[in-house]
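Reading through the structure tokens given below for one structure.
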Amino acid sequence: MQRTDVNFPVLWLAGFAKLWNLPYIMKFFCYNDKDAHMKIPGSARIFLLPLAAGMLSLAGAISYGEDQDDGGFQTKIVLFPFKAAILSSMVETAIRTHKFKEGEKFNKDDMLVELDDNAFKQRLIKAKSACIEARAGVSFAEKNITRTKDLYKRGLQGLQDVEKNELELDIANSKLMYQDANLELAKEDLGNCHIAAPFSGRVVKKMLQEHEFVRVGQQLLQIIDDNQLLAVMHLPSSERNNIKIGETLKIQVDETKTVHSGSVYEIAGEIDAGSRTFEIKVLIDNKDCALTAGMTGRLLPPPQKEKEPEK
3 MQRTDVNFPV LWLAGFAKLW NLPYIMKFFC YNDKDAHMKI PGSARIFLLP
53 LAAGMLSLAG AISYGEDQDD GGFQTKIVLF PFKAAILSSM VETAIRTHKF
103 KEGEKFNKDD MLVELDDNAF KQRLIKAKSA CIEARAGVSF AEKNITRTKD
153 LYKRGLQGLQ DVEKNELELD IANSKLMYQD ANLELAKEDL GNCHIAAPFS
203 GRVVKKMLQE HEFVRVGQQL LQIIDDNQLL AVMHLPSSER NNIKIGETLK
253 IQVDETKTVH SGSVYEIAGE IDAGSRTFEI KVLIDNKDCA LTAGMTGRLL
303 PPPQKEKEPE K
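Right under this line is the structure:
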């Protein structure tokens, strides 16, 4: 049966209430009766209470019946991407270009965003030159300590001179380590100007546009992996011990009217006490891009086993 936007039980209830002048019920529950023509005798109110409760229960039962299909089996599902990420900048600079438009697909390691790297190239050159200078200092200190020890053996230098040259060598090695670390940081900053895709997927949203300035930690791009989708649903708590990881389930998508099979990927670790349901996620293959994250549908009931004829 095709659903419409008109809720039949609500219209039926409204018509019935109008026929029997039942707006007084809502006036009784929600407002203080100030107008004389809206007042209800106190003796009548006790009879209106069960009548109103009965009408609401009947409307709820009819509405619940409308939502049931396939023998009362109805579990709504929503499709979510298998992976989702918001890429942020690791450096402060301007955005040079976006390589993909919103909605376009990309492969793993494809370049997604190019940031302005001119300043970072110069910083890398400075770091390399500082390393060359530090290595030269270490080389000089090593030669100097060798000569000092030789003179000490001949008695031409004192022990204090040897210890001083050893200290200079330690300082030179420390400076070299410091400059090597700066060089690695400069290389990393330069690499962070070129943001590659961590997985294959699709661009969802650009947080900033080209030529805008971005700071460290500021969001740049929202991406998802929709080559696989997760059908998220909530099942009654009575089914908790019947669902197993890897079990095959079928869903029907409302937007495409197609049926898809998937395996149970995750089962919630607890049951929601309020709704008495638990969440499961079913992994569905979507390499053909027939489905889109955000679509809705329902879980199809398992096929009923035919009863064996009695012998």
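The sequence shown runs 3 to 313 under our numbering. For glycine and all other residues, C-beta sits at the position ideal for the given N, C-alpha and C. Computed from a prediction, not measured in an experiment: that's the story for all the values here.
Per-residue DSSP class, three states only, for residue i
i: K283; result: strand
i: I127; result: helix
i: G197; result: One point to set straight first is that residue 197 is Ile, not Gly, in the sequence displayed. If DSSP states are grouped into helix, strand and coil, I197 belongs with the strands.
i: R137; result: helix
i: F122; result: helix
i: R217; result: coil
i: S59; result: Reliability of the predicted coordinates at S59 is poor, the pLDDT of 43 falling under 50, and the value obtained from them is presented with this limitation in mind. S59 falls in the helix class under three-state DSSP.
i: P304; result: coil
i: R98; result: strand
i: D256; result: coil
i: D290; result: coil
i: I147; result: helix
i: S263; result: strand
i: E268; result: strand
i: L153; result: helix
Which listed residue (the options) has its alpha carbon closest to that of residue i
i: S132; options: D182, H196 and S202; result: Note that residue 132 corresponds to Ala in the displayed sequence, not to Ser. Taking only the C-alpha atoms, the option nearest A132 is D182.
i: I134; options: A174, V216, D112 and K110; result: A174
i: Y267; options: V218, K283, S277 and Q254; result: K283
i: P278; options: P238, L293 and K85; result: The residue you asked about is not Pro; residue 278 is Arg in the sequence shown. Of the listed residues, the one whose Cα sits closest to R278 is P238.
i: A199; options: F122, H100 and P303; result: H100
i: K103; options: M92, S91, N229 and Q211; result: Q211
i: E144; options: E168, D287, L114 and S91; result: E168
i: I269; options: P304, L232, M297 and E186; result: L232
i: Q124; options: N244, L301, L192 and K208; result: L192
i: D163; options: G157, R156, T150 and D118; result: T150
i: A86; options: D290, L223 and Q254; result: L223
i: S90; options: D118, M209 and Q76; result: M209
i: F280; options: T258, N120, S240 and V255; result: S240
i: V140; options: S176, V255, T298 and E186; result: S176
i: T258; options: V115, G299, E190 and A129; result: G299
i: K130; options: Q254, G271 and K189; result: K189
i: K246; options: Q254, I88, G271 and G105; result: G271
Contact under 8 Å by Cβ, residue i with residue j
i: I225; j: R204; result: yes
i: H213; j: A96; result: yes
i: L178; j: I147; result: no
i: M235; j: I79; result: yes
i: S263; j: E249; result: no
i: A295; j: F82; result: yes
Boundaries (first-last residue) of the alpha helix (DSSP H) holding residue i
i: I273; result: Segment: none, I273 is in no alpha helix (DSSP H) and carries neither H nor E.
i: L169; result: L161 to G193
Extent of the continuous beta strand (DSSP E) to which residue i belongs
i: A116; result: Note on identity: in this sequence residue 116 is Glu, with Ala being the wrong assignment. Residues M113 to L117.
i: R204; result: G203 to K208
i: A295; result: Segment: none, A295 is in no beta strand (DSSP E) and carries neither H nor E.
i: V80; result: T77 to S90
Anticipated Cβ contact below 8 Å, residue i with residue j, distance rounded
i: I94; j: V218; result: Here residue 94 is Glu; the residue named in the question, Ile, does not match the sequence. Yes, E94 and V218 are in contact; Cβ-Cβ is about 6 Å, under 8 Å.
i: K110; j: F215; result: No, K110 and F215 are not in contact; Cβ-Cβ is about 28 Å, not under 8 Å.
i: D227; j: F122; result: Incorrect: roughly 29 Å between the Cβ atoms, too far for contact.
i: I286; j: Q221; result: Contact flag wrong, Cβ pair sits at about 28 Å.
i: E251; j: L293; result: Note that residue 251 corresponds to Leu in the displayed sequence, not to Glu. In fact, because the Cβ distance is near 15 Å, the residues do not count as touching under 8 Å.
i: R98; j: L117; result: 6 Å
i: M92; j: N194; result: 4 Å
Chain B contact for residue i (CB, 8 Å cutoff)
i: K289; result: Within the model displayed, chain B is absent; a lone protein chain is all it includes.
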